[in-house]
Amino acid sequence: MQPKQRELITKRLQYFQHDFRPTELLPHLTCLTGADSEQVECDENNKGATRATWTLIDKLKRRKNGFEQFVLAVRCEGLGHIA
Numbered sequence: 002m003q004p005k006q007r008e009l010i011t012k013r014l015q016y017f018q019h020d021f022r023p024t025e026l027l028p029h030l031t032c033l034t035g036a037d038s039e040q041v042e043c044d045e046n047n048k049g050a051t052r053a054t055w056t057l058i059d060k061l062k063r064r065k066n067g068f069e070q071f072v073l074a075v076r077c078e079g080l081g082h083i084a
């Protein structure tokens, strides 16, 4: 993820962190490893969707195409207001 994209998603996170379940986006996020996806699922099940959203965004920030895939994923799930 580019530095400007990281900054943008970090600033906007507080506005959309409660709007979706992160596990719903996982099938669209091919840049994530299996371990990344498992961690997001574990966090959502044990700590809640908000914590899982933060974990998901942290994982995406470390991936080259994380921002682009996130935007496409939220649009595919009918969450265009987030993108």
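For the record, in the sequence shown the residue sitting at position 62 is 63 according to our numbering, with numbers rising by one throughout. For every residue, glycine included, the Cβ atom is placed at its ideal position computed from N, Cα and C.
Beta carbon of Q6 nearer than 8 Å to that of T54: Position 5 of the sequence shown, counted from the first residue, corresponds to residue 6. Position 53 of the sequence shown, counted from the first residue, corresponds to residue 54. Cβ distance not < 8 Å, so Q6 and T54 don't count as in contact.
Nearest-angstrom Cα separation, counted from P4 out to H29: Position 28 of the sequence shown, counting from 1, holds the residue named residue 29. Position 3 of the sequence shown, counting from 1, holds the residue named residue 4. Rounded to whole angstroms, H29 to P4 spans 22 Å at the Cα level.
Short Cβ contact (8 Å threshold) for L61 with M2: By 1-based counting over the sequence shown, the position of residue 61 is 60. By 1-based counting over the sequence shown, the position of residue 2 is 1. Yes; because the gap between Cβ atoms is below 8 Å, this pair is in contact.
Test item: CB-CB of L14 and V75 under 8 Å: Counted from its first residue, the sequence shown places residue 14 at position 13. Counted from its first residue, the sequence shown places residue 75 at position 74. Contact: no.
Chain-order list of residues whose beta-carbon lies under 7 Å from that of N66 (same chain, five-residue window excluded): On the sequence shown, residue 66 is found 65 positions in, with the first residue counted as 1. For N66, where only same-chain residues beyond five positions count, the Cβ hits under 7 Å are C32.
Rounded C-alpha distance that separates F71 from E42: Counting from 1 along the sequence shown, the entry for residue 71 is found at position 70. Counting from 1 along the sequence shown, the entry for residue 42 is found at position 41. Spanning the two alpha carbons is a distance of roughly 16 Å.
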